[in-house]
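Each step along the sequence shown adds one to the number in our numbering, with nothing skipped, and position 49 is 54. The beta-carbon is built from N, C-alpha and C at its ideal position, and this holds for glycine as well. Working notes for the structure below.
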Amino acid sequence: MGNPPEKIINEQTIWKRGLYMLLFAFIQGVAKFVTFIVAVFQFLTVLVTGSTNAKLLQLGRSLSTYSYQIYLFLTFNTEELPYPMGDWPSD
């Protein structure tokens with residue numbers, strides 16, 4: 006006849022998660038690009054001034070933590086949705 010209600014809900018949930026996974030895979034690509042830009046600017050800052058930029062250090066750390074959260078979600082290690090569905094990672 007039909008699928009039991011639990012199986013239908015589970016199938017709907019997995020498809021919803023699949024859509025979130027596609028969204029976060031795209032966001033991860035953007036975050037990776039931004040992280041690269043931050044790294045280049047930090048390198049140039051050190052090259053010119055001889056010291057790191059504190060704001061870039063903080064941004065790089067924050068982006069790294071965010072990327073880690075996305076990878077945890079994409080690999081089914083957590084059900085917690087990363088930003089923008091959840092909170093931005095705190096330091």
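Grouping DSSP H, G and I as helix and E and B as strand, with all else coil, what is residue i?
i: Phe38; result: helix
i: Leu86; result: coil
i: Met6; result: In this prediction, Met6 has a pLDDT of 48, which is less than 50 and means its spatial position is unreliable; what the coordinates show is noted afterwards. The answer is coil: DSSP assigns Met6 none of H, G, I, E or B.
i: Trp20; result: helix
i: Thr80; result: coil
i: Asn15; result: helix
Under a CB-based cut-off of 9 Å, is residue i close to chain D?
i: Gly91; result: Note that chain D does not occur in the displayed structure, where there is just one protein chain.
What whole-angstrom Cβ distance do residue i and residue j have, given they're in contact under 8 Å?
i: Ala36; j: Tyr71; result: 6 Å
i: Phe29; j: Leu64; result: Wrong, their Cβ atoms sit about 20 Å apart, outside the cutoff.
i: Gly91; j: Glu85; result: 6 Å
Using the beta-carbon count (16 or more within 10 Å), is residue i buried or exposed?
i: Met6; result: Per-residue confidence for Met6 stands at a pLDDT of 48, beneath the threshold of 50, marking its modelled position as unreliable; the derived number appears in the next sentence. Under this definition Met6 is an exposed residue.
i: Pro87; result: buried
i: Ile42; result: exposed
- Tell me, please, whether the stretch 52-61 touches the stretch 13-28 by the rule of three or more beta-carbon pairs shorter than 8 Å. no
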